[in-house]
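*Asks:* Line by line, the protein sequences give chains P and X.
UniProt numbering numbers the first residue of the first sequence as 1 and each following residue consecutively.
UniProt numbering numbers the first residue of the second sequence as 1 and each following residue consecutively.
Cβ atoms here follow ideal geometry from the backbone N, Cα and C, with glycine treated the same way.
Structure below; questions to follow.
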Amino acid sequence: MFRWKRLTAIAAVVALGLTGCAAGGSDSSSGTPTTLTLGVLVPATTFEASGLNWANESPYGQAVYDSLLRGNPDGSIAPNLATDYTYNADKTVLTLKLRTDVKFTDGTALDASAVAQNLLRFRDGTSPNKSYLAAVADATATDTSTVTITLKASDPSLLSNLTRNAGMVESPAAFTKADVATNPVGSGPYILDVAKTVVGTSYVFEKNPNYWKPADVHYDNLTLSVFSDATALLNAIKGGQVNATNTASNNDLDQITAAGFTINPLELNWTGLMLIDRDGTSNPALGDVRVRQAINYAFDTKALLQAVGQGYGTPTSQIFPKTSVGYDPALDSAYTYDPAKAKALLAAAGYANGLTLQMPSTSLLGTAVFTLYAQQLKDVGITVNFTDAGNNYISDVLAPKYGSYYFILQEDPDWALIQFSIAPTATFNSYHTQNATVDALIEKIHNGSQADSDQAVKDLNKYVVDNAWFAPWYRMQSSFATDAHTKVTVQADNAYPYLWNFTPIS
Amino acid sequence: MIRFILRRLLSGVILIFVISTVAYLLLYLGGGDIARRILGQSATAATVAQKAHALGLDQPLFVQYGQWLSHAVTGSLGSSWFTSQPVTAAITSRLSVTLSLVIGATIISAIVSVILGVLAATRRGWVDRVVQIFTILGFAIPGFLVALALVTVFAIDLKIFKPTGFVQFATSPGGWAATVTLPIIALALGGIAGVTQQIRGSVIDALRQDYVRTLRSRGLSNTRVVYKHVLRNAGGPALAILAVQFVGLFGGAVIIEQIFAIPGLGQVAVIATTQGDIPLVMGLVVATAIIVVVVNLIIDLLQGFLNPKVRLS
């Protein structure tokens, strides 16, 4: 018995000691926080400017680099490294005037030559977004603070792209360094602390003491912690180990708010069916607009929003986001759930006895969703035969191996969205559907006056909805969580808020 | 002795070669479109094709494997396709983390199971029954469930430990203890159950031997008989189980590291395998195979040290 008492005493002492250490280690003291710890869902693929990813990886690039232009939270464009940006008359030559007081953290000056080199490297680099600069024919330094970008053809997205990874500037002295991918040299608000960083898990940054715009640096230290597992992320939130974080799904929002976090909602993606084979190449039925409309009418989008999206989102029939000039509130309910109408349309198209569609499935997007929507289609007489595509879902649908499939797709700014989902060469127009009406509208959006272009976006949106190029269910809510010490303004056109929009609450 | 070690090392090299070949084949078969996965859905087809070419993914399987092998033999394992970190750096920086957990769990399970096993075997009666029930529970409850319960109670509610992350011992011993204690407990539990049963059985067997009666009749104290003589005889089989468990704990660490977001080999293995990060997975396969070969060799030598009967003449 005596020994047991001693053992218990030792255990108690050890436990107390640990409590002391743990409490001493945390820094949630009073006053304004000086450290920002952000949860991210993905590690940095690379820190090399010419290979940078965007979206969920944007904070890595923004920590260490400056972009030529700056994206405001509403998606509008403001000066940054470039104080002035002007096009020639036909918008094929862009002239950038640069700040002259910016230095890289290796001490060298950020000048026009460095910018021109970075632009060309990005265009020819390995970034998934390298097509952002595909229109660039050349970029040259006219003098030390002027860059001239000549384009093969005008690109309405170019300025917006320069607010993102395509506009980030790395020190040319770092281009040839062996560790360029993991030890970035930029001019940004923070400097990566390579010694404290565990690549793939936590990236530790310190404030850049010589930053040219100190008003934008709200913290002395920045840590980007990677959480690939939803349970670990939730535990980190509950344990107060992050100040703010992105969430992979809306499954845990109740628990996240219960832990004292605020949810900052944002709609960035739409989900539903892609009806890409509009010419009926793989299945003649899909070539008939009545069949595609019937598919739209077959979906009880409100029920799907509840069942698949836990109610977080807005039902819609259009793929253009609320921020678009082409957005029309009426088109959110262009197709409302009407199985009788769906059956009538199918009968009119000659499919009174039903039809069969081939579609891929994958556990990566959940299992319930495929069962649910197949059931709703079955109710109007459309049978879905699923093939499990596993990890190859995206490459299979882009191949294209299927005329229609379930997907979650991003809602970019207008021109990018058109180039991504609608134009004949768009990545997600895999059967390259093309017709004169759409071509004319896209041409007007590209080269028309501002008023004409805006009207053409509206017309294009309506055309795509009327002709049922897609069968959207709802715009999904993305949820960015912040703790009581942190305020953020979300970015309308990006999955992750921009770094300078995080501010401490004292 | 030296010939024995050399022979074991040689068979280890062959084993590593076979394992790496099979792993490469499996990765290739399950790989799919890795370039698309690296670049995501927004990349154009041309960008994806260029990436695949840059990574050599458009080459035939045997060419890709040959290139990997020729580099690996010279010690160059390449860089991760998804984080750009050199593979050797990725593994060495994480090895110490996982070893912290695995060695910690092994030591804890060795100490606790010796105490429990000997207690159960010498006291018998209700003590034995309680220990038996605990070991069966330890077998039955999966480690990750224990881990989740521990996090909720001790990290989130009581705030004694950290729910996620890892702090190096050198950086802060207190922080290190606050991050590794719960994972080690969760990992050790299954091991304690197995080894306790083994020690209990072996000690009971040993206690029935004639030499124990002789020792007792010579007036040795019970403690001395049990801890000096019986345990040494009973230790062999327990050590064998502990060795198997040490290797098995690397598998257990895969799940535990995910739950605690600990940057160890297990966590990186899960991520790299699902992504198809071939250079990193292959590096991990080689590193794990080396660990298994070395650990088995050490255990064989230890067995010989403990028990003269298994020593090679």
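1) Can you find a CB in chain X that lies within less than 8 Å of the CB of P/Val-102?
2) Would you mind telling me which residues of chain P sit closer than 9 Å to X/Arg-36, beta carbon to beta carbon, in chain order?
3) Within the same chain, show all residues whose beta-carbon is closer than 7 Å to that of P/Val-136, passing over the 5 residues directly before and after it, in chain order.
4) Which complete alpha helix (DSSP H) runs does the stretch 146-212 of chain P hold, if anything under 4 residues is left out?
5) Thinking just about the alpha-carbon of each residue, which of P/Lys-238, P/Thr-387 and P/Phe-428 is nearest to the one in P/Asp-483?
6) Going by Cα to Cα distance, which pick from P/Glu-267, P/Val-242 and P/Thr-176 is closest to P/Ser-249?
7) Please determine, among X/Val-293, X/Gly-266, X/Leu-220 and X/Leu-231, the residue with the shortest C-alpha to C-alpha distance to X/Leu-280.
8) Note the first and the last residue of the continuous beta strand (DSSP E) segment covering P/Pro-360.
9) Quick check on this structure: which residue in P/Lys-458, P/Thr-247 and P/Asn-353 has the alpha carbon closest to the alpha carbon of P/Gln-318?
10) Threshold first: 4 residues or longer. Then list the alpha helix (DSSP H) segments lying entirely within the stretch 446-500 of chain P, N to C.
11) Within the same chain, show all residues whose beta-carbon is closer than 6 Å to that of X/Gly-12, passing over the 5 residues directly before and after it, in chain order.
12) Residue range of the beta strand (DSSP E) that X/Gln-41 falls in?
13) What's the call for P/Val-357, buried or exposed, on a 16-neighbour Cβ count within 10 Å?
14) Using the C-alpha atoms, what's the distance from X/Val-131 back to X/Leu-137?
15) By alpha-carbon positions, which one of P/Val-42, P/Lys-343 and P/Pro-79 ends up nearest to P/Ile-382?
16) From this set, P/Pro-339, P/Asn-221 and P/Asn-235, which residue's C-alpha is nearest P/Phe-227's C-alpha?
17) Below 8 Å between beta carbons: does that hold for P/Asn-246 and P/Leu-110?
18) Bridge partners of P/Gly-39, per DSSP?
19) Note down, in chain order, every chain X residue with its Cβ under 8 Å from the Cβ of P/Asn-243.
20) What does X/Gln-41 reach in chain P if we use C-beta pairs closer than 7 Å?
21) Along the chain, where does the alpha helix (DSSP H) that runs through P/Lys-97 open and close?
22) For chain P, is any of its Cβ atoms less than 8 Å away from the one on X/Ile-259?
23) Quick check: what's the CA-CA separation for P/Ser-479 versus P/Gly-75?
24) If I measure Cβ to Cβ from X/Phe-82 and keep anything under 6 Å in the same chain, skipping five residues before and after, which residues do I get?
25) Return no unless some Cβ of chain P is closer than 8 Å to the Cβ of X/Ile-156.
26) Under a Cβ-count criterion, where at least 16 other Cβ atoms within 10 Å of its own Cβ denotes burial, should X/Ser-217 be classed as buried or exposed?
27) Could you name the residues that DSSP lists as bridge partners for P/Phe-502?
28) Assign X/Thr-21 to one of three DSSP states: helix, strand, or coil.
29) Any C-beta of chain X sitting closer than 8 Å to the C-beta of P/Asp-493?
30) Quick one: give me the first and last residue of the alpha helix (DSSP H) that P/Asp-379 is part of.
31) Pop quiz: P/Leu-69 and P/Pro-79 are said to be a contact at Cβ under 8 Å. What is the actual Cβ separation, rounded to whole angstroms?
32) Looking only at its chain, what residues have a beta carbon closer than 6 Å to the beta carbon of P/Ile-505, apart from the 5 residues adjacent to it on each side?
33) CB-CB under 7 Å to X/Thr-164, same chain, minus the five flanking residues each way: which ones, in chain order?
34) Looking at the unbroken beta strand (DSSP E) that takes in P/Met-274, where does it start and where does it end?
35) For P/Asp-84, count neighbouring Cβ atoms within 10 angstroms of its own Cβ and tell me buried if that reaches 16, exposed if not.
36) Please check if any C-beta of chain P sits within less than 8 Å of the C-beta of X/Phe-82.
*Replies:* Walking through what the data contain:
1) Taking the first sequence and counting its residues from 1, the one referred to as residue 102 of chain P is at position 102. No, its Cβ sits nowhere closer than 8 Å to a Cβ of chain X.
2) Residue 36 of chain X sits at position 36 when you count from the first residue of the second sequence. In chain order: Asn-392, Ile-394, Ser-395 and Leu-398.
3) Position 136 of the first sequence, counting from 1, holds the residue named residue 136 of chain P. Closer than 7 Å at the Cβ level, and outside the excluded window around P/Val-136, lie Leu-119, Arg-123, Ile-149 and Leu-151.
4) 158-161
5) Locating residue 483 of chain P in the first sequence gives position 483, counting from the first residue. Among P/Lys-238, P/Thr-387 and P/Phe-428, the Cα nearest to that of P/Asp-483 is on P/Lys-238.
6) Walking along the first sequence from the start, residue 249 of chain P turns up at place 249. Checking every option, the nearest Cα to that of P/Ser-249 belongs to P/Glu-267.
7) Start at 1 with the first residue of the second sequence, and residue 280 of chain X comes out as number 280. Ranked by Cα distance from X/Leu-280, the options X/Val-293, X/Gly-266, X/Leu-220 and X/Leu-231 are led by X/Gly-266.
8) Residue numbering aside, residue 360 of chain P sits at position 360 when the first sequence is read from its first letter. Looking at the DSSP string, the run of the beta strand (DSSP E) that includes P/Pro-360 is 355-361.
9) If you number the first sequence from 1, residue 318 of chain P lands on position 318. Nearest option by C-alpha distance: P/Lys-458.
10) 450-466
11) By one-based count along the second sequence, residue 12 of chain X stands at place 12. For X/Gly-12, where only same-chain residues beyond five positions count, the Cβ hits under 6 Å are Val-293.
12) Working through the second sequence from its first residue, we reach residue 41 of chain X at position 41. Per DSSP, X/Gln-41 belongs to no beta strand (DSSP E) and is neither H nor E.
13) Along the first sequence, read from residue 1 onward, the residue named residue 357 of chain P stands at position 357. Residue 357 of chain P is actually Leu in this sequence, not Val. Buried is the call here.
14) Taking the second sequence and counting its residues from 1, one reaches residue 137 of chain X at position 137. Taking the second sequence and counting its residues from 1, one reaches residue 131 of chain X at position 131. Their Cα atoms are separated by approximately 10 Å.
15) By 1-based counting over the first sequence, the position of residue 382 of chain P is 382. Among P/Val-42, P/Lys-343 and P/Pro-79, the Cα nearest to that of P/Ile-382 is on P/Lys-343.
16) On the first sequence, residue 227 of chain P is found 227 positions in, with the first residue counted as 1. Answer by Cα proximity: P/Asn-235.
17) On the first sequence, residue 246 of chain P is found 246 positions in, with the first residue counted as 1. On the first sequence, residue 110 of chain P is found 110 positions in, with the first residue counted as 1. Going by C-beta atoms, P/Asn-246 is not nearer than 8 Å to P/Leu-110.
18) Within the first sequence, numbered from 1, the residue matching residue 39 of chain P stands at position 39. DSSP, once it has assigned bridges, lists P/Ser-225 and P/Thr-245 as partnering P/Gly-39.
19) The residue labelled residue 243 of chain P in the question sits at position 243 within the first sequence. Residues of chain X with a Cβ closer than 8 Å to the Cβ of P/Asn-243 do not exist; the shortest Cβ-Cβ separation is about 14 Å.
20) Here residue 41 of chain X refers to the residue found at position 41 when the second sequence is read from its first residue. Around X/Gln-41, the beta-carbon contacts reaching into chain P at under 7 Å are Ile-394.
21) As a position in the first sequence, residue 97 of chain P is number 97, starting the count at 1. Looking at the DSSP string, P/Lys-97 is not in any alpha helix (DSSP H); the run it does join, the beta strand (DSSP E), is 93-98.
22) For the purposes of this step, residue 259 of chain X is taken as the residue at position 259 of the second sequence. Closer than 8 Å to some Cβ of chain P, the Cβ of X/Ile-259 qualifies, so yes.
23) Counting from one through the first sequence, the residue named residue 479 of chain P turns up at place 479. Counting from one through the first sequence, the residue named residue 75 of chain P turns up at place 75. If you draw a straight line from the Cα of P/Ser-479 to the Cα of P/Gly-75, it comes to about 18 Å.
24) One-based indexing of the second sequence puts residue 82 of chain X at position 82. Hits under 6 Å: Gln-275 and Asp-277.
25) Taking the first residue of the second sequence as position 1, residue 156 of chain X is located at position 156. For X/Ile-156, the answer is yes, since a Cβ of chain P falls inside 8 Å of its Cβ.
26) Taking the second sequence and counting its residues from 1, one reaches residue 217 of chain X at position 217. By the 10 Å Cβ count, X/Ser-217 comes out exposed.
27) Here residue 502 of chain P refers to the residue found at position 502 of the first sequence. In the DSSP assignment, P/Phe-502 is bridged to P/Val-488.
28) The residue given as residue 21 of chain X occupies position 21 in the second sequence. It is helical.
29) In the first sequence, the residue the question calls residue 493 of chain P occupies position 493. With 8 Å as the cut-off, P/Asp-493 does not count as an interface residue toward chain X.
30) The residue labelled residue 379 of chain P in the question sits at position 379 within the first sequence. Element bounds for P/Asp-379: 368-379.
31) In the first sequence, the residue the question calls residue 69 of chain P occupies position 69. In the first sequence, the residue the question calls residue 79 of chain P occupies position 79. Going by Cβ atoms, the distance from P/Leu-69 to P/Pro-79 rounds to 7 Å, so yes, they are a contact pair.
32) As a first step, residue 505 of chain P must be located in the first sequence, where it is residue number 505. Hits under 6 Å: His-485 and Lys-487.
33) Counted from its first residue, the second sequence places residue 164 of chain X at position 164. Excluding residues within five positions, the ones whose Cβ falls inside 7 Å are Phe-260 and Ala-261.
34) Along the first sequence, one-based indexing puts residue 274 of chain P at 274. Counting along the chain, the beta strand (DSSP E) containing P/Met-274 begins and ends at 262-275.
35) As a working note, residue 84 of chain P is residue 84 in the first sequence. Per the 10 Å Cβ criterion, exposed.
36) Along the second sequence, one-based indexing puts residue 82 of chain X at 82. At least one chain P Cβ lies under 8 Å of X/Phe-82.
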